[in-house]
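In my numbering, the protein residues as written are 9 to 110. One structure is given here, and the rest of the page talks about it.
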Amino acid sequence: MSVKIIGNYLRLEKKLQPSPLAPVLIPVISVLLALVLGGAFLTFTGHSPMAVYQEMFTGAFGTVYGLSETVVKAIPLILAGLGVSLAFRMQLWNIGAEGQIY
Numbered sequence: 009m010s011v012k013i014i015g016n017y018l019r020l021e022k023k024l025q026p027s028p029l030a031p032v033l034i035p036v037i038s039v040l041l042a043l044v045l046g047g048a049f050l051t052f053t054g055h056s057p058m059a060v061y062q063e064m065f066t067g068a069f070g071t072v073y074g075l076s077e078t079v080v081k082a083i084p085l086i087l088a089g090l091g092v093s094l095a096f097r098m099q100l101w102n103i104g105a106e107g108q109i110y
């Protein structure tokens with residue numbers, strides 16, 4: 009959708025051709041923006057953003073135990089996402105997928 013301003017009114021128009029870079033740029037920009045905003049919050053609270061992000065990465069992927077725990081926690085969420093995506097493909101809503109797991 010694109011917004012076209014006509015006088016005092018806004019009009020939404022469907023874009024005919026989306027940008028070919030959009031599927032790549034939107035997730036990359038989203039992750040970078042989240043890191044920047046998180047870093048700003050950490051700086052505001054008196055912590056070093058680089059040290060915190062390094063600890064998060066090391067804790068999740070730095071050891072075999074950390075990696076296995078990350079995978080164990082991620083698998084149910086991935087399966088819930090796959091289940092919801094199948095429901096969405098059939099034009100059905102299932103907003104309680106994570107709650108149904110536990």
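Yeah, the Cβ is synthetic: ideal placement off N, Cα and C, and Gly gets one too. Just so we're clear, the structure is a prediction, and the values are computed from it rather than from any experiment.
With the cut-off set at 8 angstroms, would you say residue i and residue j are in Cβ contact?
{"i": "asparagine 102", "j": "glycine 89", "result": "no"}
{"i": "threonine 51", "j": "proline 57", "result": "yes"}
{"i": "glutamate 106", "j": "leucine 87", "result": "no"}
Where DSSP assigns a beta bridge to residue i, which residues make up the other side?
{"i": "leucine 85", "result": "Paired residue(s): none; leucine 85 is not in a bridge."}
Could you give the distance in angstroms between the alpha-carbon of residue i and the alpha-carbon of residue j?
{"i": "valine 8", "j": "glycine 47", "result": "Lying before the first or after the last residue shown, residue 8 is absent from the chain, which here runs from 9 to 110."}
{"i": "glutamine 25", "j": "glycine 54", "result": "46 angstroms"}
{"i": "valine 80", "j": "glycine 74", "result": "10 angstroms"}
{"i": "phenylalanine 49", "j": "glutamate 63", "result": "16 angstroms"}
{"i": "isoleucine 7", "j": "phenylalanine 69", "result": "Residue 7 lies beyond the residue range present for the chain, which begins at 9 and ends at 110; the question has no answer from this structure."}
{"i": "proline 35", "j": "lysine 23", "result": "20 angstroms"}
Which class does residue i belong to by DSSP, given the choice of helix, strand or coil?
{"i": "glycine 67", "result": "helix"}
{"i": "glutamine 108", "result": "helix"}
{"i": "leucine 24", "result": "coil"}
{"i": "isoleucine 103", "result": "coil"}
{"i": "leucine 29", "result": "coil"}
{"i": "threonine 53", "result": "coil"}
{"i": "methionine 1", "result": "Only positions 9 to 110 of the chain appear in the structure, and residue 1 is not among them; the question remains open."}
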